Amino acid sequence: MMNLTTDENKGHYHPTGYVHPNAKPLKSCLSNSNLSSMNRTMTEPNLSGMTKMRRNISFHRVEIREYERAVGVHPVSSGCHSLTLGWEYNPELTVLDFELYEEDRMKRSKGYKVSAVPDIERGRLLRYEADATKEELQEAKREIRVTRDQRRRTNQLLQHKQREKLEESLQSAKRKIRRFVTGTSKEKEEEKLWRSAEKSLKNCLSREDVSASSSSGPIPSMCESLESESNETEESTTATSNTELSSSLPAEDQSGGDDWEFSYTTETSLSGT
1 MMNLTTDENK GHYHPTGYVH PNAKPLKSCL SNSNLSSMNR TMTEPNLSGM
51 TKMRRNISFH RVEIREYERA VGVHPVSSGC HSLTLGWEYN PELTVLDFEL
101 YEEDRMKRSK GYKVSAVPDI ERGRLLRYEA DATKEELQEA KREIRVTRDQ
151 RRRTNQLLQH KQREKLEESL QSAKRKIRRF VTGTSKEKEE EKLWRSAEKS
201 LKNCLSREDV SASSSSGPIP SMCESLESES NETEESTTAT SNTELSSSLP
251 AEDQSGGDDW EFSYTTETSL SGT
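What follows is the structure, given as structure tokens:
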């Protein structure tokens, strides 16, 4: 068994137990570069025996499946009709050679421009090829209109929120610039705002008190004038109702004639006179 002794003065280890006073510390035979290369050799697998695999992808044919046309409810479609694909399809596939398909596609793409199907043509396709009924088309129009309204309200709400955030940012920037220019702190500015709010509240309450005191004065005079007007109206009504038209048929004249003499008497009585 090997014992290790330590030099108390220099702190060096020696395997024999004897430490020379002029001994130098032992240096490791493994440097940092050797250690790193050893670790790399131990951790990395040996790829020399492995062969690289080549990956090739090739296409031979193109299979085309035809689906049915159906009534759609897409809100972005122009007009009132929307085309979409249904779940039913033709089980017979159209098989084309890939090279021929690519050549034909390149020829068509040179002078071909994709354009939207007009609304009238979409309606015709839905009625005559998709066998859509009038009720289905009306229901699809209603759903499209509802979805459009919902999207418009959502966009308006988002724009309103964005404007609010922008205004808040501008107001905050203005306050910071004002505090920087005037040299006032945030606490002093808040205290100033509280004082101005308290002052405006006191002014509002004082105006309400003044208006209440001024409005309480003319009320009795107005009541008195209304009462006098009502009394005059009652007197005139009584005078009119007491005016009677009376007619009397007197006795026959001494001459024995058949002529009648009518006398009208008007009696007028005024109450309160």
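In terms of full-length UniProt numbering, the sequence shown has 202 at position 202, counting the first letter as 1, and numbering is strictly consecutive. The beta carbon of each residue, even a glycine, is placed where N, CA and C say it ideally should be. It should be emphasised that the depicted structure is a prediction, and the values quoted were computed from it without experimental measurement.
Spatial neighbours of HIS60 in its own chain (CB-CB distance under 7 Å, excluding positions within 5 residues in sequence) are listed in chain order as PHE98. Beta bridge pairing from DSSP links VAL95 with GLU63.
Shown here for TYR101: same chain residues with a beta carbon closer than 7 Å to its own, the five before and five after excluded, namely VAL62 in chain order.
Take the alpha-carbon of GLN159 and the one of SER169: they are about 15 Å apart. Close CB contacts of ARG122 within its chain, under the 6 Å cut and outside five residues either way in sequence, are with HIS81 and LEU83 (chain order).
In the three-state DSSP reduction, THR84 falls in the strand class (E or B). Assigned with DSSP and collapsed to three states, ARG55 falls in coil, not helix or strand.
Using a Cβ distance threshold of 7 Å, ARG69 and TYR89 do not count as a contacting pair. Assignment of VAL73 by DSSP, reduced to helix, strand and coil, places it in the coil class. The beta carbon of LYS186 sits closer than 6 Å to no other beta carbon from its chain once the five residues preceding and following it are set aside.
THR182: member of the alpha helix (DSSP H) spanning 134-182, first to last residue. VAL71 is positioned such that its CB atom lies no closer than 7 Å to that of ALA116. Going by DSSP, GLY123 is part of the alpha helix (DSSP H) stretching over 119-124. The alpha-carbon of ALA197 is positioned some 12 Å away from that of LEU205. In this structure, TYR67 sits away from LEU96, with a CB-CB distance that is not shorter than 7 Å.
Under the criterion of beta carbons closer than 8 Å, PRO75 and ILE144 qualify as touching, at roughly 5 Å. Straight across, the Cα-Cα distance linking ARG152 with VAL146 is about 10 Å.
By the 16-neighbour rule on beta-carbons within 10 angstroms, LEU93 is exposed. A Cβ-Cβ contact shorter than 7 Å links VAL73 with ALA140.
Per the coordinates, the alpha-carbon of LYS165 lies some 22 Å from the alpha-carbon of LEU193.
Leaving aside the five residues that flank TRP87 on each side, none in its chain has a CB nearer than 7 Å to its CB.
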